[in-house]
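Novice: Residue numbers (our numbering): 161 to 300.
Glycine included, C-beta positions come from ideal geometry on N, C-alpha and C.
The structure follows.
In structure tokens, the structure reads:
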């Protein structure tokens, strides 16, 4: 092993330097693209996880929309400055959206849904991108 190191130490050809000069920019570009994609994916994961906290709140029996919105905001760890969270209720008879005060044609109550939305601009190394995530769930 020592003989191998001595042989490389004596080498003065410069071929390794030229090869490194040719390959290093490609390696750097690949590393930067990977980092940028990781940043975008991490931001999307944070948004999705925060919305899932809101879904868990309603599934656990929660009914206060303002509290759900606050829980989502607290769970969104890397919320950007333009990050927005909305909680909206809607009622449906089948696939038709209607006012929650009216009943369906079969004299049944309309199904009540909560739509959770979070949106914001996720950072990247070269450019930021807008991202919006939704969760819709039926509530009692």
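Label residue 276 either buried or exposed according to how many other C-beta atoms from any shown protein chain fall within 10 Å of its C-beta, with 16 as the threshold for buried.
Specialist: buried
Novice: What did DSSP end up calling residue 209 once you bin it into helix, strand or coil?
Specialist: In the displayed model, residue 209 falls within a helix according to three-state DSSP.
Novice: Around the C-beta of residue 217, are 16 or more other C-beta atoms found within 10 angstroms, so that it is buried, or is it exposed?
Specialist: Per the 10 Å Cβ criterion, buried.
Novice: Using DSSP bridges, identify the partner residues of residue 290.
Specialist: 281
Novice: Under the three-state reduction of DSSP, which class applies to residue 261: helix, strand or coil?
Specialist: coil
Novice: For residue 199, I'd like the list of residues in its chain whose CB is within less than 8 Å of its CB, leaving aside the five on either flank, ordered along the chain.
Specialist: 282, 283, 284 and 285
Novice: How many angstroms separate the CA atom of residue 197 from the CA atom of residue 209?
Specialist: 18 Å
Novice: Determine the direct distance from the alpha carbon of residue 213 to that of residue 220, and round the result to whole angstroms.
Specialist: 10 Å
Novice: Only counting the same chain, and skipping five residues up and downstream in sequence, which positions put a Cβ closer than 6 Å to that of residue 233?
Specialist: The residues 245, in chain order, have a CB closer than 6 Å to that of residue 233 in the same chain once the five nearest residues on each side in sequence are set aside.
Novice: At which residues does the beta strand (DSSP E) containing residue 244 begin and terminate?
Specialist: 244-253
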